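Undergrad: Under the working numbering, the sequence shown is numbered contiguously, ending at residue 352.
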Amino acid sequence: MISHDMEHTHPITVILPVYNTGKYLDRCLDSLLGQSFRDFTLLCIDDGSSDGSGSTLDARAAVDDRIRVVHLPENHGVPYARNLALDLAESEYIYFMDSDDWIDPDFLEAMYTQARETGQDVVINGNWYIEYDDPDQRKRAGRFDFVKEEASYYPPVVVQTRFFPVVWTRLYRLSYLREKGIKSPLLKGGVEDNYFTAMAEILQERSYIFNGPFYHYYQHDGSLARQPDSAFRHFENFRVFVDELHKRNIPPQAARRFYVLDALEINTEEKFNFLHSFFEDVEADVRACPDLYSVADIFVMLMILACPDYESFRKRYSPKLSTSFMVRIIRNNGRPTKEQLLDGTWVV
5 MISHDMEHTH PITVILPVYN TGKYLDRCLD SLLGQSFRDF TLLCIDDGSS
55 DGSGSTLDAR AAVDDRIRVV HLPENHGVPY ARNLALDLAE SEYIYFMDSD
105 DWIDPDFLEA MYTQARETGQ DVVINGNWYI EYDDPDQRKR AGRFDFVKEE
155 ASYYPPVVVQ TRFFPVVWTR LYRLSYLREK GIKSPLLKGG VEDNYFTAMA
205 EILQERSYIF NGPFYHYYQH DGSLARQPDS AFRHFENFRV FVDELHKRNI
255 PPQAARRFYV LDALEINTEE KFNFLHSFFE DVEADVRACP DLYSVADIFV
305 MLMILACPDY ESFRKRYSPK LSTSFMVRII RNNGRPTKEQ LLDGTWVV
């Protein structure tokens with residue numbers, strides 16, 4: 005049930021799925037409710053929490069009328085919670101946040117200002133920190149070599165290809181998401197952002213990035229992105245993404261079909277068969293647009309396609325294969341170019 009009615013709307017709805025993050029939740033809520041920009045609705049989806057997170061949300065909602073709480077009787081996963089919130093939202097803009105993270109006090113103000121000034125349907129903040137319990141491990145992230153010091157526009161495929169695919173660096177116009185029919189695929193595993201950010205990016209005429217206040221992306225053992233299968237789960241999302249590209253007749257040069265993360269392990273027949281089928285589908289697009297892919301991406305694709313079945317893959321490589329291992333293979337045999345890989349002059 006919803007703990008408050010939704011009569012009053014604000015320019016931004018912050019969507020916050022919550023599932024058993026009680027030990028971090030107050031820090032997240034404090035960072036949101038202490039924003040210099042106060043004109044927002046905080047729509048919290050308690051996704052079947054059993055650790056008291058729901059009670060924390062209700063207590064906060066009782067003293068701050070910007071907070072709305074939806075309690076789900078059982079856990080459905082982040083994509084379901086975000087999609088439900090998208091259906092309920094009544095604001096101009098949507099901002100997604102994770103309930104174990106926090107943001108700088110002027111974060112929402114900067115995002116809103118950039119969206120209003122540019123008129124963009126999606127604006128991207130290029131700054132964030134990766135945070136750990138040990139402050140000495142803290143890392144600044146998000147700024148790649150193509151992101152300039154000043155705000156700038158980029159071709160959408162460049163951003164989709166080279167910029168980290170996380171929704172919490174973006175502010176979205178809600179009407180744009182609804183018009184384009186963009187929602188999260190209902191897959192669990194903590195990598196649902198791949199599909200959502202890519203689809204929203206490539207359907208724009210241009211992308212806009214600025215370097216603003218910082219998002220603080222907290223890493224701990226319970227983080228979904230740190231689970232053993234998260235790299236493989238990326239491919240499940242890319243499968244849905246590629247299927248949607250086909251439905252919308254989006255050409256190969258408009259979007260990168262996949263990329264390989266270092267933690268990828270192909271340690272079951274089911275995973276191998278899934279990847280083999282996926283790479284069969286995208287191989288022609290990769291060959292048509294090799295500039296969108298790295299040497300490692302192409303190497304992994306050709307390596308899987310060169311093996312007719314999982315048993316031959318195991319005999320040739322390893323049942324537990326990481327991309328670090330693949331990179332060593334490449335380096336030990338002389339690093340090939342993409343052209344050498346694709347024309348067969350460097351054999352996988």
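All residues carry an ideal CB built from backbone N, CA and C; glycine is no exception.
The model shown is predicted, which means the values in this text are computed figures rather than measured ones.
DSSP three-state label for Lys184, please.
TA: Three-state result, Lys184: helix.
Undergrad: So Ile4 and Gly130 are in contact, right, with Cβ under 8 Å, and what is the actual spacing, rounded?
TA: Residue 4 falls outside the range modelled here, since the chain spans only 5 to 352, and no answer is possible.
Undergrad: Within 10 Å of its beta-carbon, does Val22 have 16 or more other beta-carbons around it, so buried, or fewer, so exposed?
TA: Result: buried.
Undergrad: Out of Arg142, Leu190, Gly216, point me to the one whose CA is closest to Leu175's CA.
TA: Here the closest residue by C-alpha is Gly216.
Undergrad: Would you please state the rounded distance, in angstroms, between the beta carbons of Arg64 and Leu47? I believe it to be under 8 Å.
TA: Contact doesn't hold; Cβ gap of about 13 Å is too wide.
Undergrad: So, using beta-carbon positions, are Leu90 and Lys187 closer together than 8 Å?
TA: Yes.
Undergrad: Go ahead and label Thr341 buried or exposed: buried means 16 or more other beta carbons lie within 10 angstroms of its beta carbon, across all protein chains shown.
TA: Flag for Thr341 reads exposed.
Undergrad: Determine the DSSP secondary structure at Cys48, reduced to helix, strand or coil.
TA: Three-state DSSP puts Cys48 in a strand.
Undergrad: Identify, in the order they occur along the chain, each residue of the same chain with its Cβ nearer than 8 Å to the Cβ of Ile308, setting aside the five sequence neighbours on each side.
TA: The answer, listed in chain order, is Ile270, Phe276, Leu279, His280, Phe283, Phe317.
Undergrad: Excluding the five sequence neighbours on either side, which residues of its own chain have a C-beta within less than 6 Å of the C-beta of Val170, listed in chain order?
TA: If we look at Val170 and ignore the five residues flanking it on each side, its Cβ neighbours are Asp197.
Undergrad: For Gln164, which residues of its own chain have a beta-carbon under 7 Å away from its beta-carbon, when the five flanking residues on both sides are left out?
TA: Once the five neighbours on either side are set aside, the close Cβ partners of Gln164 are Ala202, Glu205, Ile206, Ala259, Arg260.
Undergrad: Cα separation between Ala155 and Arg237?
TA: Spanning the two alpha carbons is a distance of roughly 32 Å.
Undergrad: On a CA-only basis, which of Ala235, Asp266, Val286 is nearest Pro256? Give me that one, please.
TA: When each option's Cα is compared against that of Pro256, the closest is Val286.
Undergrad: Would you give the residue range spanned by the alpha helix (DSSP H) that Phe200 belongs to?
TA: First-last of the alpha helix (DSSP H) with Phe200: 197 to 206.
Undergrad: Assess, as a yes-or-no matter, whether the region 80 to 89 is touched by the region 47 to 56 under the definition of 3 or more beta carbon pairs within less than 8 Å.
TA: Yes: at least three Cβ pairs fall under 8 Å.
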